[in-house]
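Each remark here refers to the structure printed beneath this line.
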Amino acid sequence: MVESKIKENIQPVAKVELSQAIADGSASGGKSGEEVYKAACLMCHQAGMLNAPKFGDVQAWAPRIAQGYEVLVQHAIKGIRSMPAKGGNASLSDNEVASAVLYMSNSSGANFKK
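In terms of this note's numbering, the sequence shown opens at residue 857 and continues consecutively.
This is how it looks when you write it as structure tokens:
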């Protein structure tokens, strides 16, 4: 009786089950560029706050695009001028930030490939 009560008292309170996508590695691995843009980038890049190039503004993005995709990604990850690293959202992965850069730059005149 005592032994069964002890076993009952030390049972786990929850079980963790991974979805099949996570278990077999087929999950996409993060948010899309558009999702990241809407969550972390939109506030500044929609209004042009602190001289951020506005989303879709081909002229404002042209000199940045000319630097190349990799440079833009590094600036977004590490921060540049008034822009904080990862747009102020440290929980974003480098891949998610890179996806947002691809989304924003391609929507503003670039033709970068992932």
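Glycine is no exception: its CB is placed at the ideal position from the N, C-alpha and C atoms.
Buried/exposed call for residue i, threshold 16 Cβ in 10 Å
i	result
residue 960	buried
residue 955	buried
residue 953	buried
Contact test: residue i Cβ vs the ligand HEM heavy atom, cutoff 8 Å
i	result
residue 900	Among the ligands in the structure shown, none appear at all, so the ligand HEM cannot be discussed.
CB contact flag (residue i, residue j, <9 Å)
i	j	result
residue 901	residue 908	yes
residue 958	residue 887	no
residue 928	residue 937	no
residue 897	residue 965	no
residue 916	residue 910	yes
N-terminal and C-terminal residue of the alpha helix (DSSP H) that residue i is part of
i	result
residue 889	889-892
residue 958	950-962
residue 899	898-903
residue 970	From DSSP, residue 970 is part of no alpha helix (DSSP H); its letter is neither H nor E.
residue 919	914-922
residue 860	858-865
residue 932	925-934
CA nearest to the CA of residue i, picked from the options
i	options	result
residue 924	860, 893, 970 and 945	970
residue 891	951, 967 and 968	951
residue 945	904, 893 and 913	893
residue 905	933, 940, 926 and 968	940
residue 932	862, 864 and 889	889
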